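All remarks here apply to the structure that follows.
Shown next, in the form of structure tokens:
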């Protein structure tokens, strides 16, 4: 049982390049989330999904797209990377059965945009 | 809108001393409240959560937090700090039923030998 895994762990992009971050969970969770973590700002929600085939915007969705084609995977895409997207990205998942459910976090992806 | 404020971006205590990390929240409806810990180069791990049952919540690693509605606070404490407690701590709020977390800015805890 690996929990929540993220690929890749590190990435350096040039401005304007695109990439996709992959999040996978093996806990059969319904809900999945993408956050970004910036110094002094805590974690901010980018997008989330309440089930396979559904996505919704969070607090800071601009410049990102997501897809949830399979229940266990949640992809975060950057179509045209900007230096402002330099951050650490965390994926999380939760069962989604009750509002007291705990969110389980992946180890993070450190992205640098030059 | 709901928000979370953590007082002090950096707290330093001596090993064996009391740990007190402050969290205040703003919410128009009763929230659920969480404390998460992040060790260096790792993801976040749940320490404890308040879900409107007992106001004093006990978590892992000897931490506890008390929900005080009158003060809109959810401060995290541990009676005796250990070197392994050095990490960043995040307070978070969830509006009941929303299943989305709002995080505070984080507090980095340093333990001095």
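Chains as they are written, first to last, in this note's numbering: chain A, 1 to 114; chain B, 115 to 227.
Glycine residues also receive a C-beta, built at the ideal position from the N, C-alpha and C atoms.
This structure is a prediction, so every number in the text was calculated from the model and none was measured.
Over the uninterrupted beta strand (DSSP E) stretch that includes residue i, give me the two end residues.
{"i": "residue 44 (chain A)", "result": "43 to 49"}
{"i": "residue 224 (chain B)", "result": "221 to 226"}
{"i": "residue 134 (chain B)", "result": "133 to 140"}
{"i": "residue 159 (chain B)", "result": "158 to 164"}
{"i": "residue 203 (chain B)", "result": "201 to 209"}
{"i": "residue 178 (chain B)", "result": "178 to 182"}
{"i": "residue 77 (chain A)", "result": "73 to 78"}
{"i": "residue 32 (chain A)", "result": "31 to 37"}
{"i": "residue 175 (chain B)", "result": "Segment: none, residue 175 (chain B) is in no beta strand (DSSP E) and carries neither H nor E."}
{"i": "residue 116 (chain B)", "result": "Careful: residue 116 (chain B) lies outside any beta strand (DSSP E) and carries neither H nor E."}
{"i": "residue 11 (chain A)", "result": "10 to 13"}
{"i": "residue 124 (chain B)", "result": "124 to 128"}
Below 7 Å CB to CB, which residues in the same chain sit around residue i once its five sequence neighbours on both sides are set aside?
{"i": "residue 15 (chain A)", "result": "81, 82, 83, 113 and 114"}
{"i": "residue 186 (chain B)", "result": "138, 139 and 140"}
{"i": "residue 8 (chain A)", "result": "109"}
{"i": "residue 29 (chain A)", "result": "93, 94, 95 and 96"}
{"i": "residue 180 (chain B)", "result": "169, 170 and 189"}
Rounded to the nearest angstrom, how far is the Cβ of residue i from that of residue j, given a contact under 8 Å?
{"i": "residue 173 (chain B)", "j": "residue 162 (chain B)", "result": "3 Å"}
{"i": "residue 252 (chain B)", "j": "residue 146 (chain B)", "result": "Nothing can be reported for residue 252 (chain B): it is not among the residues displayed for chain B, which extend from 115 to 227."}
{"i": "residue 215 (chain B)", "j": "residue 149 (chain B)", "result": "Not really, about 12 Å apart at Cβ, beyond 8 Å."}
Note down, in chain order, each residue of its chain lying with its Cβ closer than 8 Å to the Cβ of residue i, except the 5 sequence neighbours on either side.
{"i": "residue 56 (chain A)", "result": "47, 48, 49 and 50"}
{"i": "residue 131 (chain B)", "result": "194 and 195"}
{"i": "residue 3 (chain A)", "result": "25, 26, 27, 104 and 106"}
In its own chain, which residues sit with a C-beta less than 6 Å from the C-beta of residue i, not counting the 5 before and 5 after it?
{"i": "residue 115 (chain B)", "result": "none"}
{"i": "residue 124 (chain B)", "result": "222"}
Quick check: is any heavy atom of the ligand GDP less than 7 Å from the C-beta of residue i?
{"i": "residue 14 (chain A)", "result": "Absence of the ligand GDP from the depicted structure is noted, as is the absence of any ligand whatsoever, leaving it without description."}
**Prompt:** In chain order, what residues of the segment 173 to 201 of chain B put their CB closer than 9 Å to some CB of chain A?
**Reply:** Against chain A - using a Cβ distance shorter than 9 Å - the segment 173 to 201 of chain B contributes no residues.
**Request:** Evaluate the contact criterion for the segment 218 to 225 of chain B versus the segment 101 to 108 of chain A: three or more CB pairs, one atom per stretch, below 8 Å.
**Result:** The segment 218 to 225 of chain B, when compared against the segment 101 to 108 of chain A, does not touch it at the 8 Å Cβ threshold.
**Asked** Three or more C-beta pairs closer than 8 Å, one from the segment 145 to 163 of chain B and one from the segment 195 to 204 of chain B: is that the case here?
**Response** Flag = yes, the segment 145 to 163 of chain B and the segment 195 to 204 of chain B touch.
**Request:** Say whether the segment 119 to 131 of chain B touches the segment 3 to 23 of chain A, bearing in mind that this needs 3 or more beta-carbon pairs closer than 8 Å, one atom from each stretch.
**Result:** Contact between the segment 119 to 131 of chain B and the segment 3 to 23 of chain A is absent, because fewer than three Cβ pairs lie under 8 Å.
**Message:** Could you check whether the segment 128 to 138 of chain B touches the segment 30 to 38 of chain A, counting it as contact only if at least three pairs of C-beta atoms, one from each stretch, sit closer than 8 Å?
**Reply:** Contact between the segment 128 to 138 of chain B and the segment 30 to 38 of chain A is not established, with fewer than three Cβ pairs separated by less than 8 Å.
**Contact set between the segment 85 to 96 of chain A and chain B, restricted to residues whose Cβ is under 9 Å from the partner** = Listed by position, the residues of the segment 85 to 96 of chain A near chain B (Cβ gap below 9 Å) are 90, 91, 92, 94 and 96.
**Prompt:** Quick one, which residues of the segment 35 to 46 of chain A are near chain B if we go by CB-CB under 7 Å, in chain order?
**Reply:** Answer set for the segment 35 to 46 of chain A: 40, 41, 42, 43 and 45.
**Asked** What residues from the segment 22 to 34 of chain A come within 9 Å of chain B, judged by C-beta to C-beta, listed N to C?
**Response** Using a CB distance below 9 Å, the part of the segment 22 to 34 of chain A facing chain B consists of 31 and 33, ordered along the chain.
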